[in-house]
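Participant: First the structure, which I've put down as structure tokens, then a few questions once you've had a look.
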Amino acid sequence: MATPVQTQTVDLVARFPGMVTADARPGYTGFIVNKENLVEVATAIRDEFGFDLLTAVTGVDYLAENKMEVVYHAYKTTGGPGLVFRVQVERVDPVEVPSLINIWPGVDFQEREAWDLLGIKFTGHPDLRRILMWEGYEGHPLRKDWKEPFFEEEAKPFKSRWPDGQHTFAENKNPFRDNLKFPADFDPEKFEVVNEDGLYASLERHTMKNEEGSLNTDHIVVNMGPHHPSTHGVLRVAVTLDGETIIGLKPVMGYLHRNHDKIGERNTYLQVIPYTDRLDYFNSMSNNFGYVTTVEKLMKIQVAERAEYIRVIMAELSRIQNHLIFIGMLMNDLGTMYTPSLYAFEERELVLDIFEAVSGARMMCNYFRFGGVVRDIPDYVMQKIKDLVLERLPAKTDEMERFLNENEILVARLKGIHVLNAEDAIKYSVTGPVLRATGVPYDLRRADPYSIYDRFDFDVAVRQNGDMMDNYLIRFDEIRQSLRILEQALKQIPQGPINSQKPQYQVRVPAGEAYGRIESPKGELAFYVVSNGKPNPYRYHVRPASFVNLTAVESMCIGSKIADFVALLAMLDIVMGELDR
Amino acid sequence: MENEKLSLPNYNIPEDLENVVAVTTLDRLYNWGRRSSVWPLMFGLACCAIEMIAAQTARYDMARFGMEVMRPTPRQADMMLVSGTVTKKMLPAIIRLYNQMPEPKYVVAMGACASSGGPFKEGYNVVAGIDKFLPVDVYIPGCPPTPQALIAGLIKLQEKIDRQSIKTVRWYNKEKKDGNYVPMPILGPDLIDVRRNADIKQAAAVAKVTQESA
Chain A
1 MATPVQTQTV
11 DLVARFPGMV
21 TADARPGYTG
31 FIVNKENLVE
41 VATAIRDEFG
51 FDLLTAVTGV
61 DYLAENKMEV
71 VYHAYKTTGG
81 PGLVFRVQVE
91 RVDPVEVPSL
101 INIWPGVDFQ
111 EREAWDLLGI
121 KFTGHPDLRR
131 ILMWEGYEGH
141 PLRKDWKEPF
151 FEEEAKPFKS
161 RWPDGQHTFA
171 ENKNPFRDNL
181 KFPADFDPEK
191 FEVVNEDGLY
201 ASLERHTMKN
211 EEGSLNTDHI
221 VVNMGPHHPS
231 THGVLRVAVT
241 LDGETIIGLK
251 PVMGYLHRNH
261 DKIGERNTYL
271 QVIPYTDRLD
281 YFNSMSNNFG
291 YVTTVEKLMK
301 IQVAERAEYI
311 RVIMAELSRI
321 QNHLIFIGML
331 MNDLGTMYTP
341 SLYAFEEREL
351 VLDIFEAVSG
361 ARMMCNYFRF
371 GGVVRDIPDY
381 VMQKIKDLVL
391 ERLPAKTDEM
401 ERFLNENEIL
411 VARLKGIHVL
421 NAEDAIKYSV
431 TGPVLRATGV
441 PYDLRRADPY
451 SIYDRFDFDV
461 AVRQNGDMMD
471 NYLIRFDEIR
481 QSLRILEQAL
491 KQIPQGPINS
501 QKPQYQVRVP
511 AGEAYGRIES
521 PKGELAFYVV
531 SNGKPNPYRY
541 HVRPASFVNL
551 TAVESMCIGS
561 KIADFVALLA
571 MLDIVMGELD
581 R
Chain B
1001 MENEKLSLPN
1011 YNIPEDLENV
1021 VAVTTLDRLY
1031 NWGRRSSVWP
1041 LMFGLACCAI
1051 EMIAAQTARY
1061 DMARFGMEVM
1071 RPTPRQADMM
1081 LVSGTVTKKM
1091 LPAIIRLYNQ
1101 MPEPKYVVAM
1111 GACASSGGPF
1121 KEGYNVVAGI
1131 DKFLPVDVYI
1141 PGCPPTPQAL
1151 IAGLIKLQEK
1161 IDRQSIKTVR
1171 WYNKEKKDGN
1181 YVPMPILGPD
1191 LIDVRRNADI
1201 KQAAAVAKVT
1211 QESA
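Sequence lines, in order, name chains A and B. So in the working numbering, the last spot in the first sequence is 581, and the numbers never skip. So in the working numbering, the last spot in the second sequence is 1214, and the numbers never skip.
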């Protein structure tokens, strides 16, 4: 396991005396910035100290201390450890913190999420609306004093279920006999629906205006989704169109918001693992990886040597099948319905066979445990992996490239379309293949190595143009590099125990915080976990790649055609389970 | 159907005429046509949708059951496969799609979430089972159900279609003119099921009384 990230390499206290204090709570790192000086300090962090990539913004509700905290995690795209800084404010409504959207525009959606779920008002944010829930929803669900309609107890295991195993229907305990919660004396007949004026008003933000003297054309607003064959799930996009040209765009999400954070905070640490499977449901292995890495950081435990290799093997296999599906789905959206994706799914099934053989499930593997993995890889499965990695997948990757790469229509649809330059990509906190296609060689397996990635010889796949074609080609590069890592891992994997800990239902996690991040196939997948020493996480937050990468979409699409936007959604490789959580 | 053929089992049709002549009932003919081409709505909600796609691909091949034609528009679909967690925010869209589907229409709840809320039942934005709003024909257990399980569920749906009779089906019933129209729920402070307005008002009033006495 990589050593815990040292954040004290930057001394903000000396640079800003009186404005910044070091966080002295046990288990915490980083700095506490005064609310009034936040913008000034953040500007210096970006410009003087060079932390150009703000990956995560989230809030924590410290109910007992009567405080709300906003935590920022900043990193350098040149690699190295990050910087944690935070703002603490009184927990009295309105809870107000200045927005950092002018310094790192990538905080846009994340600040909106913190407003939606925690009720932290970011002053200066131009479009602070609810993002995951709908406008008009009662309350801010992640506050510690907010209880969901099916609330039973603060933490699992619930006394009613364990150890006696009694079961009563949750519906019977709720006054509305369903998963509902209304304010007292609510009358549904007199209720007036909150309309979506806010959404359409915010569409104007980037909308291009007709130039003086030019032909005045009518603009129409089109809603794509949430039921739309090309939005990769239940994403909705409101677009302003001038003919076929997009002149304004706003993603609307939350249609698959299934309350991952809130449920995670009720669960025990171990119970969260199967829920992480359902984040990015193409890559349950990677999600497991990110979560256990974070908790292991908190627990300060070593991972069994053989398990480290097994983890890398599983994560890289997962990356390969993800990228193959990506290519298939991109082709689907470009109009070659089905054929390339059938090729991709054929290979994916073979990878899923391996997952099923080791974990028992095709998609929701629930395979990682703190300190290792749950089962060893049997010999015959190891042989299967070897056959796949050494023989079949390299040949099939070549085959797909040969079939597709020089196709005239494909090149015409991808080359030079939707160019994202490196500067904008970093500004919008874009990570993963999309960032690397713009020429920034930022791969967490290299930039901030976790697990045992520092032992392998591989290149960070990088392309220079940042257009759709490069985004497409970089996936092939990454498949090749993953195969390289797999080849070495399969050669080096030692025999031995698969878990450094004893099997246990409940783990002891010392108080503190941890921010663990991994290079998931979609970008940086990070978990922010705060422990107060109890069997459940006090705060559990997921920083998904899809969600943050989507921040850039608004500015990328302006001026392009609506048909290319469909391809762009495929290119960003979003997964709604992870996006909405 | 015991006998997969269109012909009723008790008629002895000469072998060389078997592909030309069939003796059967009107119900059987009607159901045979419908069960052999159930067009699903191309509609994915969550993780289960990926297994639904997998079931379409070469290894499992739903096309063997006449179900390969996924229609993105509800106007051309016969069956809604609710594949994943139904959230409160998404529910109005699902109900609208269902109402737009022409009869005869079927609903299959795929996976634990669509059947009952599944692992996410306790979530504040989750509808605990689509059957609170739509009439579900087949429930498929699993999280997510494997493609095999999905296909088994769809075969169950075919069996259900086989048992229907043209005399009793709801879409030819003159008394039930609006068929299975489900009123649209409203997104208010929480999800408002307009069929339950009176209930909600009453429970909210009770909540006020208990709040005041507390």
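By construction, the Cβ of each residue, glycine as well, lies at the ideal position given by its N, Cα and C atoms.
1. Look at the alpha carbon of M253(A) and the alpha carbon of G1129(B), and state the distance between them as a whole number of angstroms.
2. Is the distance from the Cβ of V71(A) to the Cβ of D261(A) below 8 Å?
3. For D424(A), I'd like the list of residues in its chain whose CB is within less than 6 Å of its CB, leaving aside the five on either flank, ordered along the chain.
4. If you drop the 5 nearest sequence neighbours on each side, which residues of the same chain put their C-beta closer than 7 Å to that of Q6(A)?
5. What is the rounded straight-line gap between the Cα of L579(A) and the Cα of P544(A)?
6. Quick one: give me the first and last residue of the alpha helix (DSSP H) that Y1030(B) is part of.
7. DSSP puts V60(A) in a beta bridge; with which residues?
8. Is there a Cβ from chain A that is less than 8 Å from the Cβ of M1042(B)?
9. Beta-carbon separation of Q492(A) and Y309(A) under 8 Å?
10. Count the other C-beta atoms from every protein chain shown that fall within 10 angstroms of the C-beta of Q659(A), then say buried if there are 16 or more, exposed otherwise.
11. Which class does F169(A) belong to by DSSP, given the choice of helix, strand or coil?
12. To which residues of the same chain is Y1139(B) closer than 6 Å at the C-beta, ignoring the five residues directly before and after it?
13. Any idea which residues DSSP pairs K1005(B) with across the strands?
14. Could you tell me the distance, in whole angstroms, from the CA atom of T21(A) to the CA atom of R15(A)?
15. Please check if any C-beta of chain B sits within less than 8 Å of the C-beta of M363(A).
16. Please name the residues in the segment 257–278 of chain A whose beta-carbon is closer than 9 Å to at least one beta-carbon of chain B, in chain order.
17. Below 8 Å on the Cβ atoms is my guess for E111(A) versus V57(A); work out the distance and round it to an integer in Å.
18. Whose Cβ in chain A lies nearer than 9 Å to the Cβ of F1120(B)?
19. Return no unless some Cβ of chain A is closer than 8 Å to the Cβ of D1027(B).
20. Below 8 Å on the Cβ atoms is my guess for N332(A) versus P521(A); work out the distance and round it to an integer in Å.
21. Of all the residues that make up the segment 1079–1097 of chain B, which are near chain A by a beta-carbon distance shorter than 7 Å?
22. Along the chain, which unbroken stretches of the alpha helix (DSSP H) at least 4 residues long are found entirely within the segment 173–208 of chain A?
23. With the cut-off set at 8 Å, would you say L199(A) and A238(A) are in Cβ contact?
24. Which chain A residues sit within Cβ distance under 8 Å of D1099(B)?
25. What does the alpha-carbon distance come out to for the pair I474(A) and N179(A)?
26. Among W134(A), P126(A) and M400(A), whose alpha-carbon lies nearest the alpha-carbon of V194(A)?
27. Taking 8 Å as the cut-off, decide whether the C-beta atoms of H73(A) and Y450(A) are in contact.
28. Determine, using beta carbons only, whether L1045(B) comes closer than 8 Å to chain A.
29. Quick one: residues in its chain with C-beta nearer than 8 Å to the C-beta of G1118(B), no 5 flanking neighbours on either side, listed in chain order?
30. Among N1010(B), D1193(B), P1014(B) and F1065(B), which has the Cα closest to the Cα of Q1148(B)?
31. Cα separation between L393(A) and G577(A)?
32. Buried or exposed, going by whether 16 or more other CB atoms sit within 10 Å of the CB of V1023(B)?
33. Using a Cβ-Cβ cut-off of 7 Å (strictly less than) and excluding sequence neighbours within five positions of S1213(B), which residues of its own chain qualify?
34. Can the beta-carbon of M1067(B) be found less than 8 Å from the beta-carbon of L1041(B)?
35. Starting from F1043(B) and walking both ways along the alpha helix (DSSP H), at which residues does that stretch end?
36. Is there at least one Cβ from chain A nearer than 8 Å to Q1158(B)'s Cβ?
Facilitator: Based on what the coordinates show:
1. 21 Å
2. no
3. none
4. At Q6(A), the pLDDT of 45 sits below 50, so the modelled position is not reliable and the matter cannot be decided from this model.
5. 6 Å
6. L1026 to R1035
7. E69(A)
8. yes
9. yes
10. Absent from the structure is residue 659(A), since the part of chain A shown begins at 1 and ends at 581.
11. coil
12. A1109 and S1115
13. None, per the DSSP bridge assignment.
14. 11 Å
15. yes
16. H257, R258, N259, H260, K262, I263, R266, P274, Y275, D277 and R278
17. 6 Å
18. R258, N259, H260, I263, Y275 and R278
19. no
20. N332(A) to P521(A), Cβ: 18 Å. No contact.
21. T1085, T1087, K1089, M1090, A1093 and L1097
22. 197–203
23. yes
24. What sits at residue 1099(B) in the sequence shown is Asn, not Asp. Simply none; closest approach about 13 Å.
25. 45 Å
26. W134(A)
27. no
28. yes
29. T1085, G1111, A1112 and C1143
30. F1065(B)
31. 27 Å
32. exposed
33. none
34. no
35. That residue, F1043(B), is in no alpha helix (DSSP H); it is neither H nor E in DSSP.
36. no
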